[in-house]
Structure formats: C-alpha cells, structure tokens
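Undergrad: My numbering applies: residue 1077 is where the sequence shown begins, and numbers increase by one.
All C-beta atoms, glycine included, are put in the ideal place defined by N, C-alpha and C.
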Amino acid sequence: MNTGSRRIDEPGLRTTIALALPEEEREGLPELFAEAGFGAIVGRGAADLAAMLSIGAHVGLAIIDAGERPGETIALVREARAGLGRALPVLYVASGGALEELTEGLEDSDELLLRPVNAETLRWRLEAMTIRAQVGDGAAGETVFASGNVQADWLSSPPILSVFNPKGGVGKTTIATNLAAVLQLRREREVLLVDADTVTGHVSLSLGMKMGRSLADQLADEEAGDVHRTLSDLAAQHASGIRVVALTNSPLDLGNLDPERVTESIMEARHGVGTIIVDLHPSYSEVNLGVFAISDRILVPVTPDLPAIRAAVQLKEVMIELGMGERLGLVVNRANSGVSVADIELTTGLKAIGEIRSAGMNFVWASNVGRTVVEKFPKHKVVEDFEHLADKLLATPMPAGAPSSDRDVRSIFRSLLGRSLPAQA
Ligand SMILES: Nc1ncnc2c1ncn2[C@@H]1O[C@H](COP(=O)(O)OP(=O)(O)O)[C@@H](O)[C@H]1O
Ligand SMILES: [Mg+2]
C-alpha cells in the first residue's frame, strides 16, 4: 500500500473518526466523512468510546456527545484514552447548558462544537483539528476500514433482558438465574445478572452469595464525592462465572432509587459483558418502567394459574399502551402441569418463546447449596428447557425500539410518568 503520498480523495488513507452521537444527529455524517476521505465508526455516546477504540480501526479523532452530564462524559473519555498509548483529540458536541462543566475538563487537544450541528461546519472543524493534531495519515497500512465509510455493526450491543410479571412466585428469579447460568456456562456469554428485587427474593440468596455493594450504596458514595464505579465493578462473581449485582441491599431503599440513574447504570454496564439479565420486583414502579424502556426483551414467566395469567394480560395491556408490546415474550413456567401452552398463548395474547417444565424440588435443592440447577443437576431435562430458551433468544433478532441513548430514555420517562398505571400488584 502506498503510504508515501497522501491524497484527500483517496479513501483509506486518512484517519478513522469515532462518531459517538445520537442517531438522529449523526445521520449522513459517515457519508460526508467518506467524501472527505475519513473512515467512520459509529456509536451513541461517550460510553461507547472504549469499545469503538478496541475493535481495531486506527481511530485518530473522536466526535462525542457531551450529554447532559458532561462530567461523566469526560470521565468516560479519560478512561477510554487511558489504555490507548497515544493522543486522541476529541470534539465535544454540546448544548449551551453543558458548557461550563465541560470546559473545565477539556484537554489541550480537545474542542467544542455547539448544537445544533451543521454538517459542513463539523467537517471543516475536523479538517482543522486533523491538521493541528497531525493525524492525517492515520496509519493507513493497518486501517481496517480501508473503504473509509464502513459502519461496524458491533452496535448490536449486548442485549438487556428483563424478567417480569407483576405477580410474585411465578418463577422470575428461577428463570433469571438459570437462564443466566446456561448463557454463561453453555453458550459462552459473559452474563451480568442484576437483582432489582431485593424485596420478594434475593438473587444472591438463592445463589448462596454474600450481598456485595449495591448500586444504591455506590450512588450515595458518588454523591459524597467518591469515584464512579460501574455495575460490573460492583458485581461479585458466582461460582458459575455469572456476575451478580443488586440495585439495593435493603428492600426499603428500592423506592429511593433514582430511576434514571438505574437505567443509565444498566446501559453503561453493557460494555464488557455479553448479556445483561434483570430480575425485577413485581410492581409498576418508576424503576421498573425505566428498566422496561431500556430492555431489548421483557421475559414474562407465567405459571398455568389464573392469577398469573391475569397479571400477564394486564401487563400486556400496559405495555401496548406504552408502545412496548413487541418486547414481551411469554415464558410458560411449570409448563407440564395440565394447561396447554396454546391455551396460555391464546388467553394472554402473548407468543411463547420458551417453556420451562416443572422440576419438583430440584430448584430448591440447588439453591440450598448456592447453585443453579444448570450446575447442580446438569443432566436434568429442565436444563434443556433453559438451553432452548437461551438459543431462541440468541437466534431471534431483538425487536427494534429499545432506546439507545440517555436522551431517548429521558423522553420515554417524560411520556411514561405522565400516564396512570395499574395499582401495584
Ligand atoms: N419450573 C419450576 N419447577 C419447580 N419449582 C419452581 C419452578 N419455577 C419456580 N419454582 C419455585 O417456585 C418458587 C417461586 O419462584 P421464584 O422464581 O422465586 O418466583 P418469583 O421470582 O416470580 O417470585 C420457588 O420456590 C421456585 O423454586
Ligand atoms: Mg423473585
């Protein structure tokens, strides 16, 4: 490859730009950059930067949404830069309100661009920054995206699967933990299991683990000036390899959690894990609404009994009202107990994506020794049921529509909280 002479219109010879802006704002930009000879790799915000840098392209410049918490954005950028071993100039795209906090954290090589973004302006700012940083030749020999406008599809990021039914005792925790174990042990997925129900049943308890630091503890410490830690940082590892973290250690704290901080933390945790599973408390709390909003799929365990089925019917109505009906997936639990799956599908109007048979006392025996059934009774038929569920989930594309940025989540919150929801079950 000729690296001696560099021409602006020759693709692949200029640097690759990490473009981490909300989808609507980055529209058309990769094409524009390609015209100018830059490669582009896209992401949604600062939280994506580390992953974007790690996929192999020689990224010489980043354009990053400053977000509504510029301090956090800057911290994320600092983290991503830390392992890089070379300079990475960043152009922050910001709204007026973020300016003060942002300017304090800028490095010498960094620059600011105020919203609204004009594509041409952006392009010329890039040219100027490129010249200044002398990143123009971007190590053409090792550039992965030689055509200059490849958008990597790594953004089909680790799915967030939540497990919910507003009725207790239907198997949410059982399904969350055993699905997690199958994904971790038999499908090579790094799983982060989030216990969002320390009220009706502890994940850590059923996995025989000590309760570690919870997200609530961490958020309180951060308020007091402690460094930021992600859910993965807080998580403790179970013998199966699953990483487990709780939103709160005390049931009393659940109501005090800021739903936005919860959803931000979960979205942030997608980096570095293969799948996130959230075991939810049976209620329509604000935290739960937030988790629904960021979930790619909401698994709804239903046992073949009237209260559980009724609760699922009500859930379906609520979710359709909220525009999230597509994300629901019925998991028929204790499936071999008399009522047919087809009947449950018909009554709930939900399509079954899995069936888990009744396994007698095996779940209890396993959890008595702090293990999942997958580990303790690996040959039990019920483990195959979990494998089928896992495979179905991995094979089926996630329904579109789960939000991808802080901003999307905020707008969803605004619309969710304006509605009346069923009383807590
Ligand atoms: N398929 C099953 N076979 C046998 N026992 C089950 C099954 N699913 C759940 N259980 C048992 O039912 C009880 C309630 O399940 P759990 O997962 O805690 O429900 P939830 O989290 O919805 O409150 C637990 O004791 C669990 O072991
Ligand atoms: Mg539970």
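(1) For the stretch 1353 to 1381, list the alpha helix (DSSP H) runs that are entirely contained and at least 4 residues long, ordered along the chain.
(2) State yes or no: is the beta carbon of alanine 1110 nearer than 7 Å to at least one beta carbon in chain B?
(3) Would alanine 1252 pass as a contact of isoleucine 1353 if the rule is Cβ separation under 7 Å?
(4) Quick check: the stretch 1430 to 1438 against the stretch 1382 to 1400, are there 3 or more CB pairs under 8 Å?
(5) So what does leucine 1307 bridge to, in DSSP terms?
(6) Start and end of the alpha helix (DSSP H) containing glutamate 1155?
(7) Closer than 6 Å by C-beta to asparagine 1325: which residues in its own chain qualify, once you throw out the five before and the five after it? Chain order, please.
(8) Please work out which residues of its chain come closer than 7 Å, Cβ to Cβ, to alanine 1142, disregarding the five sequence neighbours upstream and downstream, and give them in chain order.
(9) Leucine 1152 and alanine 1116 - do their beta-carbons sit closer together than 7 Å?
(10) Just checking my contact of alanine 1195 with leucine 1108 at CB under 8 Å: how many whole Å lie between their CB atoms?
(11) If you follow the beta strand (DSSP E) that asparagine 1409 is in, where does it begin and where does it stop?
(12) Under the assumption that aspartate 1271 contacts leucine 1323 (Cβ atoms under 8 Å), give the Cβ distance between them as a whole number of angstroms.
(13) Sort Ser1282, Leu1268 and Arg1265 by Cα distance to glycine 1247 and report the nearest one.
(14) Determine which residues share a DSSP beta bridge with glutamate 1431 and list them.
(15) With a Cβ-Cβ cutoff of 7 Å, do valine 1118 and leucine 1137 count as a contact?
(16) Check the DSSP bridge columns for glutamine 1313 and list the partner residues they point to.
(17) Are proline 1358 and glycine 1244 closer than 7 Å when you measure CB to CB?
(18) Threonine 1448: beta carbon under 6 Å from a heavy atom of ligand 2?
(19) So is the beta-carbon of glycine 1284 under 6 Å away from any non-hydrogen atom of ligand 1?
(20) Give the range of the alpha helix (DSSP H) segment to which alanine 1096 is assigned.
(21) Taking alanine 1442 as the reference, which of Ala1110, Ala1257 and Ile1370 has the closest Cα?
(22) How is the beta strand (DSSP E) around glutamate 1180 delimited, first residue to last?
(23) Check this for me: beta carbons of arginine 1319 and leucine 1268, under 7 Å apart or not?
(24) Using a Cβ-Cβ cut-off of 6 Å (strictly less than) and excluding sequence neighbours within five positions of methionine 1128, which residues of its own chain qualify?
(25) What are the start and end residues of the alpha helix (DSSP H) that includes valine 1349?
(26) Just checking threonine 1253 against ligand 2 - is the residue's beta carbon closer than 6 Å to any of the ligand's heavy atoms?
(27) With DSSP run on the structure shown, which of helix, strand or coil describes glycine 1214?
(28) At a threshold of 6 Å, does serine 1308 count as lining ligand 1 (C-beta to nearest heavy atom)?
(29) So, helix, strand or coil for valine 1166, using DSSP?
(30) With a 10 Å radius around its C-beta and 16 neighbouring C-beta atoms as the bar for buried, classify proline 1242 as buried or exposed.
(31) When you compare only the Cα positions, how much space is there between histidine 1464 and glycine 1350?
(32) Excluding five sequence neighbours on each side, which residues of the same chain lie with their C-beta closer than 6 Å to the C-beta of arginine 1265?
(33) Considering only residues of the stretch 1181 to 1209, which uninterrupted alpha helix (DSSP H) runs meet the minimum length of 4 residues and lie entirely inside it, listed in chain order?
(34) Could you tell me if the beta carbon of threonine 1249 falls within a distance shorter than 6 Å of some heavy atom in ligand 3?
(35) When DSSP labels each residue in this structure, what does glycine 1401 get in the three-state scheme?
(36) Which residue or residues does DSSP assign as beta-bridge partners of aspartate 1141?
TA: Taking the structure as given:
(1) Listed in chain order, the complete alpha helix (DSSP H) runs (minimum 4 residues) inside the stretch 1353 to 1381 are 1362 to 1370.
(2) Although the question refers to chain B, the structure presented lacks it and comprises just one protein chain.
(3) yes
(4) Judged by pairs of C-beta atoms under 8 Å, the stretch 1430 to 1438 does not touch the stretch 1382 to 1400, as fewer than three such pairs exist.
(5) DSSP output for leucine 1307 lists no bridge partner at all.
(6) 1146 to 1158
(7) Met1287 and Ser1290
(8) Thr1149, Tyr1168, Val1169, Ala1170, Ala1174 and Leu1178
(9) no
(10) 6 Å
(11) 1404 to 1409
(12) So it is a contact: roughly 7 Å between Cβ atoms.
(13) For glycine 1247, the closest alpha carbon among the candidates Ser1282, Leu1268 and Arg1265 is that of Ser1282.
(14) Val1408
(15) no
(16) Arg1319
(17) yes
(18) Not so, every heavy atom of ligand 2 lies at least 6 Å from the Cβ.
(19) no
(20) Segment 1092 to 1096 is the beta strand (DSSP E) holding alanine 1096; no alpha helix (DSSP H) there.
(21) Alanine 1442 has its Cα closest to that of Ala1257, out of Ala1110, Ala1257 and Ile1370.
(22) Premise fails: glutamate 1180 lies in the alpha helix (DSSP H), 1175 to 1181, not in any beta strand (DSSP E).
(23) With contacts defined by Cβ atoms closer than 7 Å, arginine 1319 and leucine 1268 form a contacting pair.
(24) Ala1094, Ile1117 and Gly1119
(25) Run containing valine 1349: none; DSSP gives neither H nor E here.
(26) no
(27) In this prediction, glycine 1214 scores a pLDDT of 39, lower than 50, which makes its location untrustworthy; the coordinate-derived value is nonetheless stated afterwards. Looking at glycine 1214 - three-state DSSP - the assignment turns out to be coil, as it is neither helix nor strand.
(28) no
(29) strand
(30) buried
(31) 18 Å
(32) Leu1259, Gly1350 and Thr1351
(33) 1195 to 1209
(34) Ligand 3 is absent from the structure shown, which contains only ligand 1 and ligand 2.
(35) helix
(36) Val1169
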